[in-house]
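J.: Please read through the structure below; I'll follow up with questions.
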Amino acid sequence: LPHAAIVTIAAAGSEMSNSSVITNEDGWLKRGLNTEYGRCRFAIMNPELLYTLPEYQTMSGIVDIMLHTMERYFIIEDSMALTDGIATALLRSVMHHAHILLKDPKNYEARANIMWAGSLSHNGLTGAGNGSRGDWACHQMEHELGGLYDVAHGAGLSAIWDSWARYVYKNKPERFASFGYEVFGLPKSGDTDADALAAIAATKAFFESIGMPTTIRALGVDPTEEEILEMAKKCSFGDTRTIGSIKTLDRKDIEAIYRLALGD
């Protein structure tokens, strides 16, 4: 069925992607659906429609945009240098314009750049030619968190990302270090592990600078151990699949990341 989109929040990139998410309230399951039939024939994108978005929703959308690119960037397989350049340039632009919107939510240029980044981040461009379609572990873990608690998707992603990154980075520390050099302009210390951790810390600091949570409890929810086990079971499809690229995560790994992400 041909369809179109009128963009009212810069976030999901639905206007150019083949991806969608369906929630089944019977069991609180959030599941992704990817099909070329899901792509829009056209989209109407007017940055002025975003002027009245609450700050929290704006920034939550910005995290989602960033993670659509970062999920494609953090892979164990080889990547294309040009694609990496596109991805990191997009992230730098999003971060720059996010801080403008904190001060001036009706800034047309900032809204326009964020809106365009949302489209480019999830149409396949920021992972084109790479050795895999992406990591996507944070998205898959957030789907279970969001299914259980109905939290804003981007906020759920920022709540999980730091703990995920610290759990997996040793599988490819040079990738995280490169992220720090290219996205944040961090100096090379000669210690790849230290540079990787500095990049992770810089990412967490950025999320906090735009008012986004970096732990699950900062979302205002506090999963019990039983709920952590339930989310990990759902995420692993009852122990029948693994997730991730940088590090393959099984049910026990997913449980561990949820626990790390709880925070104080």
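The numbering used here numbers the first residue of the sequence shown as 55 and each following residue consecutively.
Virtual Cβ for every residue (Gly too), placed ideally from N, Cα, C.
If you're wondering where the values come from, they're calculated on a predicted model, not measured in any experiment.
#1: Just the Cα atoms here: how many angstroms apart are residue 296 and residue 302?
#2: For residue 87, which of helix, strand or coil comes out of DSSP?
#3: Check this for me: beta carbons of residue 190 and residue 261, under 9 Å apart or not?
#4: With contact counted as at least three CB pairs below 8 Å, one residue from each stretch, are the stretch 193-209 and the stretch 268-280 in contact?
#5: Just reading off the alpha helix (DSSP H) that residue 152 is part of, what are its end residues?
#6: Kindly identify the DSSP beta-bridge partner or partners of residue 303.
#7: Should residue 151 and residue 70 be called a contact, given that it needs their Cβ atoms to be closer than 9 Å?
#8: For residue 73, count the other beta carbons within 10 Å of its own beta carbon; 16 or more makes it buried, fewer makes it exposed. Which is it?
#9: Taking only three categories from DSSP, how would you classify residue 100?
#10: Can you pull the DSSP bridge partners for residue 75?
#11: Here's the rule: buried if 16 or more other CB atoms are within 10 angstroms of the residue's CB, otherwise exposed. What is residue 145?
#12: Whole angstroms is fine: what's the gap from residue 268's alpha carbon to residue 315's?
#13: Kindly identify the DSSP beta-bridge partner or partners of residue 255.
#14: Whole angstroms is fine: what's the gap from residue 59's alpha carbon to residue 102's?
#15: Give the straight-line distance between the Cα atoms of residue 232 and residue 140, rounded to the nearest whole angstrom.
#16: In terms of alpha-carbon separation, which member of 65, 79, 280 and 238 lies closest to residue 110?
#17: Do residue 265 and residue 115 have their C-beta atoms within less than 9 Å of each other?
#18: Can you give me the Cβ contacts of residue 304 inside the same chain, cut-off strictly under 7 Å, excluding the 5 residues immediately before and after it?
#19: Give me the Cα-Cα distance between residue 134 and residue 249, rounded to the nearest whole angstrom.
#20: For residue 59, which residues does DSSP report across the bridge?
#21: Considering only their Cβ atoms, is the gap separating residue 225 from residue 282 smaller than 9 Å?
#22: Could you tell me the distance, in whole angstroms, from the CA atom of residue 311 to the CA atom of residue 155?
#23: What three-state label does DSSP hand residue 112 in the structure shown?
#24: For residue 309, which residues from the same chain have a beta carbon less than 8 Å from its beta carbon, with the 5 sequence-adjacent residues on both sides left out?
#25: Since residue 219 is in the alpha helix (DSSP H), which residue starts that stretch and which ends it?
#26: Where does residue 92 land, buried or exposed, given buried means 16+ other C-beta within 10 angstroms?
#27: Would residue 75 count as contacting chain D if we go by Cβ distances under 9 Å?
T.: Quick look at the numbers:
#1: Spanning the two alpha carbons is a distance of roughly 6 Å.
#2: It is a strand residue.
#3: Result no, Cβ atoms of residue 190 and residue 261 do not sit closer than 9 Å.
#4: Verdict: yes, contact present.
#5: Boundaries of the alpha helix (DSSP H) around residue 152: 135-157.
#6: DSSP, once it has assigned bridges, lists 297 as partnering residue 303.
#7: No, Cβ-Cβ distance for residue 151 and residue 70 is not below 9 Å.
#8: Residue 73 should be labelled buried.
#9: Coil.
#10: Per DSSP, 86.
#11: Buried, because 16 or more other Cβ atoms sit within 10 Å of the Cβ of residue 145.
#12: Here the alpha carbons of residue 315 and residue 268 stand approximately 8 Å from one another.
#13: According to DSSP, which records beta bridges pairwise, residue 255 is partnered with nothing at all.
#14: Those two C-alpha atoms are separated by around 16 Å.
#15: For residue 232 and residue 140, the distance between alpha carbons rounds to 14 Å.
#16: Of 65, 79, 280 and 238, the residue nearest in Cα terms is 65.
#17: No, the pair does not count as a contact, with Cβ atoms beyond the cut-off.
#18: Within its own chain, the residues whose Cβ lies closer than 7 Å to the Cβ of residue 304, once the five positions on either side in sequence are excluded, are 290 and 296, listed in chain order.
#19: Between residue 134 and residue 249, the alpha-carbon positions lie close to 22 Å from each other.
#20: DSSP lists 97 as partners of residue 59.
#21: Cβ atoms of residue 282 and residue 225: not closer than 9 Å.
#22: Distance between the alpha carbons of residue 311 and residue 155 is about 32 Å.
#23: Three-state result, residue 112: helix.
#24: Contacts found: 282, 283 and 286.
#25: For residue 219, the uninterrupted alpha helix (DSSP H) segment begins and ends at 207-222.
#26: Exposed, because fewer than 16 other Cβ atoms sit within 10 Å of the Cβ of residue 92.
#27: Absence of chain D from the displayed structure is noted, only one protein chain being present.
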